[in-house]
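Colleague:
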Amino acid sequence: MSSASSSDFSSTSFAQSSESTTSSRTSIFPPSPCKPASGNRDIAKDRFNPDTGARLVAGVVVLSNLTSHPSEVPHKYVLCVSSSRHPNKVVLPKGGWEYHESVEEAALRECWEEAGVVGTITKFLLKQADSRPPKGYSASDTSTCTNGNGQQVTKYKGLDVKGQVTSRSEYQYFQVEPTQVFDDWPEADKRIRKWLTYGEAQVAFRDRGEMAQSLELSDILKRK
């Protein structure tokens with residue numbers, strides 16, 4: 003692991019708010035031992051909505067500051083990473099909320115694992131369901147998995163317990179101030195890190211409503 007450094011990218015940021023339990027938490031470092039170095043997740047550690055089966059996800063809007071961009075005005079850029087499934091697209095750092103941690107801790111862990119940034123949460127941005135349909139949608143398709151407490155949980159891939167089509171995931175996003183930006187991090191071998199301006203991020207998130215809304219609710223400079 004190299005020592006912290008200022009960002010090696012030049013250009014980028016996005017995000018309603020509901021109640022938040024956020025206090026100023028600093029990222030856990032080194033990386034969580036619950037995620038293997040290979041990056042393969044144990045899905046049993048992830049949390050799911052017991053009524054809908056939707057996976058619970060925590061994400062971050064990391065805004066540039068004097069730590070990441072010493073010569074730039076603060077909050078000019080938002081930090082994005084390349085999608086692991088679609089490398090030509092950029093997304094906000096995010097990932098599954100696991101049973102051993104609070105949602106804020108999950109957000110900060112994903113910030114480190116996916117983007118190599120250690121930071122502090124400064125603002126709760128939103129809680130929102132994924133606008134996309136569940137993967138492999140089928141109205142009658144269900145499955146079971148064991149959650150982090152050893153309990154069997156039914157996942158409704160197509161419908162929730164009320165018979166309504168459920169979302170793929172449910173997101174909570176937080177604004178983060180970076181305190182350290184590292185040249186090496188757990189997913190550096192499969193993700194490109196990029197800072198975008200408000201206008202650039204708007205374009206990048208045009209088909210991801212929860213990311214676009216999180217950006218809007220953040221303190222990013224909204225000059226295009």
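When the letters of the sequence shown are read in order and numbered with my numbering, they come out as residues 3 to 226. Beta carbons: idealized from backbone N, C-alpha and C, even for Gly.
Could you tell me the distance, in whole angstroms, from the CA atom of G55 to the CA atom of P95?
Modeller: 22 Å
Colleague: Using only CA atoms, which one of L127, S85, L198, L223 lies nearest to F176?
Modeller: Of the listed residues, the one whose Cα sits closest to F176 is L127.
Colleague: Please name the residue in V75, L65, S84, V92 whose C-alpha comes closest to that of V120.
Modeller: L65
Colleague: Roughly how many angstroms lie between the CA atoms of S227 and I123, to the nearest whole one?
Modeller: Lying outside 3 to 226, the shown extent of the chain, residue 227 is not represented and no answer is given.
Colleague: Looking only at its own chain, which residues have a Cβ that is under 6 Å from the Cβ of Q130, when we skip the five neighbours before and after it?
Modeller: Residues Y173, E212 of the same chain have their beta carbon placed closer than 6 Å to that of Q130, with the five preceding and five following residues left out of the count.
Colleague: Does H88 pass the burial test, meaning 16 or more other C-beta atoms within 10 Å, or should it be called exposed?
Modeller: exposed
Colleague: Return the residue from the list W187, V178, T199, I194 that minimises the CA-CA distance to S107.
Modeller: A quick correction: the sequence has Glu, not Ser, at residue 107. Nearest of W187, V178, T199, I194 to E107, Cα basis: V178.
Colleague: Closest to V92 by C-alpha separation, out of L223, R210, L219, S220, would be which residue?
Modeller: Selected option, being the one with the closest Cα: R210.
Colleague: Note down, in chain order, each residue of its chain lying with its Cβ closer than 6 Å to the Cβ of A109, except the 5 sequence neighbours on either side.
Modeller: A60, V62, F176
Colleague: Starting from the Cα of F207, find the closest Cα among E189, F184, E112, S84 and give me that residue.
Modeller: The alpha carbon of F207 has as its nearest neighbour, out of E189, F184, E112, S84, the alpha carbon of S84.
Colleague: What number of angstroms, rounded off, separates the C-alpha of L231 from the C-alpha of A203?
Modeller: In this structure the chain extends from 3 to 226, so residue 231 is not present and cannot be described.
Colleague: For the candidate residues A214, A190, E189, whose alpha-carbon lies nearest to that of G201?
Modeller: The candidate whose alpha carbon is nearest that of G201 is A214.
Colleague: So W187 and W114 are supposed to be a Cβ contact under 8 Å. How far apart are they, rounded?
Modeller: 7 Å
Colleague: How far does the alpha helix (DSSP H) with L110 in it extend, from its first residue to its last?
Modeller: 105-117
Colleague: Does the Cβ of S73 have 16 or more other Cβ atoms within 10 Å, making it buried, or fewer, making it exposed?
Modeller: Around the beta carbon of S73, fewer than 16 other beta carbons sit within 10 angstroms, so the residue counts as exposed.
Colleague: Let's test the definition: count the other Cβ atoms within 10 Å of the Cβ of H77 and tell me whether it reaches 16, buried, or not, exposed.
Modeller: That one is buried.
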